Amino acid sequence: LGMKTVWIENDEPWAAKYSDSEFINYKTKNLANFLKEINEFR
């Protein structure tokens, strides 16, 4: 599977600078739901 980066979307001013970076593999507003969903696909 490898290591992936999940960006938790937020309204912090510093976060806007990095939110579209190439190192981000997935974006979510709710980490718990994201983790639940990816575990359902296993």
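Each residue of the sequence shown is one higher than the last, beginning at 146 in my numbering.
We put the CB at the ideal spot given by N, CA and C, even for glycine.
These figures come from a predicted structure and were not determined experimentally.
Taking 3 residues as the minimum length, the beta strand (DSSP E) runs contained wholly in the stretch 150-176 are 151-153 and 171-173, in order along the chain. Taking 8 Å as the cut-off, the Cβ atoms of Lys181 and Trp152 do not count as close.
Between Lys174 and Glu154, the C-beta gap is smaller than 8 Å, which places the two residues in contact.
Assignment of Phe186 by DSSP, reduced to helix, strand and coil, places it in the coil class. Exclusion of the five residues before and after Leu176 leaves Ile153 as the residues of its chain whose Cβ lies within less than 6 Å of its Cβ.
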